[in-house]
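Colleague: Let me give you the structure first, and then I'll get to my questions.
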Amino acid sequence: MLRPKHWIWVFIVSAGIFGTKAHADDTVVRSFTGGSAASMVGIVPASEDVELAGPQALSADGQGNLFLLDQINGRIIQFDPKQPNSDPDVLKMPKDVQPTDLVVHDDDIMVWDGGVRTLKAAPGQSTRGLGGDVIQLEEVSSRGADDQVAVSAFAQMGSQAPGSAADLLDQNTRAAIIRTTRQPDRQYVASRSKGSVIADIIPDKGNASVRVEIQTMVTNETIGQLGLRVRNQLGTVEFLEIDNSDRFYVLAEDVPPSGKNASTFVARYAANGRLEGIYELPLENTPLTRRFVTVSGSGDVYFLRTKPDGIEVIGVGFRPLTNASIIDVRPSRTTTAPAPQSGVKFDASAAVRPSNRQQAIETAFAFEGIQWKLTQANYGNDPDSQCSGFSRVRRPWYLQGKVNQEVRGVPYCWGCHGSLANFRQRIESGTLAGNVCTRNAPRPDVAGVDCSAFVSAAWGLSVHYTTAAIPAIAAPVANPWDLRPGDALNKPGSHVMLFLRFTPDRKAEVMESSTGGCNGRVCRNVYPLASLLARGYVPVRFRAFADDQTTVSAGAYQEQTEQLPAGRKTAGKRR
Numbered sequence: 000m001l002r003p004k005h006w007i008w009v010f011i012v013s014a015g016i017f018g019t020k021a022h023a024d025d026t027v028v029r030s031f032t033g034g035s036a037a038s039m040v041g042i043v044p045a046s047e048d049v050e051l052a053g054p055q056a057l058s059a060d061g062q063g064n065l066f067l068l069d070q071i072n073g074r075i076i077q078f079d080p081k082q083p084n085s086d087p088d089v090l091k092m093p094k095d096v097q098p099t100d101l102v103v104h105d106d107d108i109m110v111w112d113g114g115v116r117t118l119k120a121a122p123g124q125s126t127r128g129l130g131g132d133v134i135q136l137e138e139v140s141s142r143g144a145d146d147q148v149a150v151s152a153f154a155q156m157g158s159q160a161p162g163s164a165a166d167l168l169d170q171n172t173r174a175a176i177i178r179t180t181r182q183p184d185r186q187y188v189a190s191r192s193k194g195s196v197i198a199d200i201i202p203d204k205g206n207a208s209v210r211v212e213i214q215t216m217v218t219n220e221t222i223g224q225l226g227l228r229v230r231n232q233l234g235t236v237e238f239l240e241i242d243n244s245d246r247f248y249v250l251a252e253d254v255p256p257s258g259k260n261a262s263t264f265v266a267r268y269a270a271n272g273r274l275e276g277i278y279e280l281p282l283e284n285t286p287l288t289r290r291f292v293t294v295s296g297s298g299d300v301y302f303l304r305t306k307p308d309g310i311e312v313i314g315v316g317f318r319p320l321t322n323a324s325i326i327d328v329r330p331s332r333t334t335t336a337p338a339p340q341s342g343v344k345f346d347a348s349a350a351v352r353p354s355n356r357q358q359a360i361e362t363a364f365a366f367e368g369i370q371w372k373l374t375q376a377n378y379g380n381d382p383d384s385q386c387s388g389f390s391r392v393r394r395p396w397y398l399q400g401k402v403n404q405e406v407r408g409v410p411y412c413w414g415c416h417g418s419l420a421n422f423r424q425r426i427e428s429g430t431l432a433g434n435v436c437t438r439n440a441p442r443p444d445v446a447g448v449d450c451s452a453f454v455s456a457a458w459g460l461s462v463h464y465t466t467a468a469i470p471a472i473a474a475p476v477a478n479p480w481d482l483r484p485g486d487a488l489n490k491p492g493s494h495v496m497l498f499l500r501f502t503p504d505r506k507a508e509v510m511e512s513s514t515g516g517c518n519g520r521v522c523r524n525v526y527p528l529a530s531l532l533a534r535g536y537v538p539v540r541f542r543a544f545a546d547d548q549t550t551v552s553a554g555a556y557q558e559q560t561e562q563l564p565a566g567r568k569t570a571g572k573r574r
């Protein structure tokens, strides 16, 4: 590999947004209200322990069109951001495709559904709707793990197969090691102007800086040599694109030891490697989405922002920089976590057994790995639209069409709680499986767990502590890089995830019960750390783990046969 003779170093202090307003140059290029019509997108309103959810991904093609993954309505919406008054096209996905991420390149529409699946328009299945065209998509291939470019494209934002047990147990997952050692990372990108390229992210001078070397895959010619340094610690660094003017785009995070004012930005470099400026991504106070940024062939950077009544596609303002050795960006307003819920106290008798990290991870993997048969009684009536105020089903999306089949993972059920043994017993007795309706009162006739019930069970509690009550039993982790297996990332009143490890490319691997990122079940996911912190997630440690030095062993990552007793009550009120 060729090494550069000279490096252009970029110093990032903190790339955030001042106050609650977006960057002055940000522009709303298109809005969609919530609903199921062609010009609308599916929105799941926020509720207690439920984060607002909508389209999970935004992607651009080579012609400048944008594509929204409207997975709640089972479709992809295509539109031209330069023509805001034009009617969008609706691309309907096959019923058995239930993706959480989307990448569009040239004529390939690729979605992530636990793996890469490629879709195209079905012959003769295009009709003219009330607005734009309505096009039925069909699957043409499922790309395997050997398709490096496709797999790497999805991994940019964390859509990747979770690590193996060996990965999770490797010493490089320990916070003490990851803070001092950043591992090299090789990424494969299908760029607009240079075709498929390889980007090597090479650690340099501690955690604050990297070198980025780009070479073509066909000729191995080095076409880019970039340097990137931040004031604090680099989190995720992802090479995004080479536009039609041969400019380079790199997504990066700066995560301070305090975790406050963590920032995410896109740096743009000229063809000669000179920094031209940055795009500050307005992540603060936005719900969690998978692919929240995309770059068009002409170099426009777009951001996906979800709101209670719909979504906005933002053209992110560019901040030019001239001969800057340090980029001093205004700090964003720190998100303050709500105070612990009044009257909720941790009682050691709430634990059904002595709890430690080993047992927490064992329990988590048992909830994720359980195999069970979905009977007609568990499935319920079809169509099932027992959601007040919704034009959608009660049933979690991952169970759609799976009656009388073996499925994996405990389903999401808002307001439900209990142990794995309790879930098995209820399912075998014919109880309905899962409930993604959040406006109704919790349903007693459904089995599953919501996000906080899952974490409560993993921590060995018979009491279900809601996200608002978790601060009463879990202390904040001052430095997010100190997170250890069995800790959590909690957003009081919204959502909580059990932390597993830092991946080699410095993302956070978690286990969660989620309607959006898991399609309505308990699953493992990977997220850029700064995007979680900027959205209000607080690293916390269960107080029973405060002095726990348990070493998590390999047995923790195997499905367990020993089950926990049934849950009995909930700490914290529900609406």
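The opening residue of the sequence shown carries number 0 in numbering that gives the first Met the number 0; numbering runs sequentially from there.
Yeah, the Cβ is synthetic: ideal placement off N, Cα and C, and Gly gets one too.
All values reported here derive from a predicted model rather than from experimental measurement.
1) How big is the Cα-Cα spacing for Q357 and W396?
2) Kindly list the residues whose CB is nearer than 6 Å to the CB of P339, restricted to its own chain and excluding five residues on each side of it in sequence; keep chain order.
3) If you draw a straight line from the alpha carbon of Q55 to that of S455, how long is it in whole angstroms?
4) Tell me which residue opens and which closes the beta strand (DSSP E) that Y248 is part of.
5) Give the single residue among D486, P503, P319, V209 whose Cα lies nearest to the Cα of N355.
6) Should R185 go down as buried or exposed, given a rule of 16 or more other Cβ atoms within 10 Å for buried?
7) Are D253 and V229 touching if we call contact CB-CB under 7 Å?
8) Would a C-beta distance cut-off of 7 Å place G194 and D242 closer than the cut-off?
9) Could you work out which residue in L282, G314, T430, T285 is closest to S295 when comparing CA atoms only?
10) For S348, which residues of its own chain have a beta-carbon under 8 Å away from its beta-carbon, when the five flanking residues on both sides are left out?
11) Assuming T502 is part of the beta strand (DSSP E), what are its boundary residues?
12) Using DSSP with H/G/I as helix, E/B as strand and the rest coil, what is D69?
13) Between the stretch 527-536 and the stretch 402-414, do at least 3 Cβ pairs fall closer than 8 Å?
14) Return the Cβ separation of P538 and P475 in integer angstroms, given the expectation that the two are a contact with Cβ distance under 8 Å.
15) Considering only the alpha carbon of each residue, which of V509, P491, Q147 lies closest to F498?
16) Do the stretch 66-81 and the stretch 100-119 touch if we need at least three Cβ pairs shorter than 8 Å?
17) Mapping the DSSP letters down to three states, classify R230 as helix, strand or coil.
18) Candidates V49, R423, N271, F78: which alpha carbon is nearest L287's?
19) Determine the extent of the alpha helix (DSSP H) in which R356 is found, giving its start and end residues.
20) Helix, strand or coil for E405 per DSSP?
21) On the three-pair Cβ rule with 8 Å, is the stretch 36-51 touching the stretch 433-450?
22) Evaluate P281 with the Cβ neighbour count: other Cβ atoms within 10 Å of its Cβ, from every protein chain shown; 16 or more gives buried, anything less gives exposed.
23) If V521 and T502 are in contact, beta carbons under 8 Å, what's the gap, nearest whole angstrom?
24) Taking the alpha-carbon positions, what's the V505 to G234 distance?
25) So if DSSP puts D184 in a beta bridge, which residue, or which two residues, is it bridged to?
26) So within the stretch 285-320, which uninterrupted alpha helix (DSSP H) runs reach at least 4 residues, ignoring any that extend past its ends?
27) Compare the C-alpha of I76 against each of S418, Q62, L57 and name the closest.
28) Which partner residues does D88 have in the DSSP bridge list?
29) What is the DSSP secondary structure of W396, reduced to helix, strand or coil?
30) Measuring alpha carbon to alpha carbon, tell me which residue in G429, S428, G433, E427 is nearest I413.
31) Could you check whether R29 and V312 sit closer than 7 Å to each other, using their CB atoms as the reference points?
32) Residues in its own chain within less than 6 Å of A543 by CB, not counting five upstream and five downstream?
33) Would you please state the rounded distance, in angstroms, between the beta carbons of Y268 and E279? I believe it to be under 8 Å.
34) So Q232 and A266 are supposed to be a Cβ contact under 8 Å. How far apart are they, rounded?
35) Between the C-alpha atoms of Q399 and C415, what's the straight-line distance to the nearest angstrom?
36) Quick one: what's got a C-beta closer than 6 Å to D105's C-beta in the same chain, skipping five residues either side?
Modeller: By the coordinates alone:
1) Each residue's Cα considered, the two are about 31 Å apart.
2) Its pLDDT being 45, under 50, P339 is placed unreliably in this model, and the value from its coordinates should be taken loosely. Cβ neighbours of P339 beyond the five flanking positions: P470, A471.
3) Cα atoms of Q55 and S455: separation of roughly 27 Å, rounded to the nearest angstrom.
4) 247-253 is the extent of the beta strand (DSSP E) around Y248.
5) It is D486.
6) Sixteen is the threshold: since fewer than 16 other Cβ atoms of the shown chains lie within 10 Å of the Cβ of R185, the residue is exposed.
7) The Cβ atoms of D253 and V229 lie closer than 7 Å to each other.
8) No.
9) Checked all of L282, G314, T430, T285; the closest Cα to S295 is G314.
10) With a pLDDT of only 47 at S348, under 50, the local geometry of the prediction cannot be trusted, and no value is derived from it.
11) Careful: T502 lies outside any beta strand (DSSP E) and carries neither H nor E.
12) Under the three-state reduction of DSSP output, D69 falls in the strand class.
13) Counting Cβ pairs under 8 Å, fewer than three are found: no touch.
14) Right, the Cβ-Cβ distance comes to about 7 Å (below 8 Å), so this counts as a contact.
15) Minimum Cα distance to F498 is reached at V509.
16) A contact exists between the stretch 66-81 and the stretch 100-119.
17) For R230, the secondary structure class from DSSP, reduced to helix, strand or coil, is coil.
18) That would be V49, whose Cα lies nearest to the Cα of L287.
19) In the DSSP annotation of this structure, the continuous segment of the alpha helix (DSSP H) that includes R356 starts and ends at 356-368.
20) E405 falls in the strand class under three-state DSSP.
21) With the cut-off at 8 Å, the stretch 36-51 and the stretch 433-450 touch.
22) Buried, since its Cβ has 16 or more Cβ neighbours within 10 Å.
23) No, V521 and T502 are not in contact; Cβ-Cβ is about 19 Å, not under 8 Å.
24) First, the residue type needs correcting, since residue 505 is Arg and not Val in the sequence shown. Approximately 5 Å between the Cα atoms of the pair.
25) Its beta-bridge partners are I200.
26) Within the stretch 285-320, no alpha helix (DSSP H) run of at least 4 residues lies entirely inside it.
27) Nearest C-alpha to I76: L57.
28) Answer is Q77, bridged to D88.
29) In the structure shown, W396 sits in a helix (DSSP, three-state: H, G or I).
30) For clarity, residue 413 is Trp in the given sequence; the question names Ile instead. W413 has its Cα closest to that of G433, out of G429, S428, G433, E427.
31) In contact: V312 and R29 (Cβ atoms closer than 7 Å).
32) Cβ neighbours of A543 beyond the five flanking positions: S354.
33) Taking 8 Å as the upper bound for CB-CB distance, Y268 and E279 are not in contact here, some 16 Å apart.
34) About 16 Å separates the beta carbons of Q232 and A266, which is beyond the 8 Å limit, so they are not a contact pair.
35) Taking the straight line from one Cα to the other gives about 20 Å.
36) Closer than 6 Å at Cβ, skipping near neighbours: G61.
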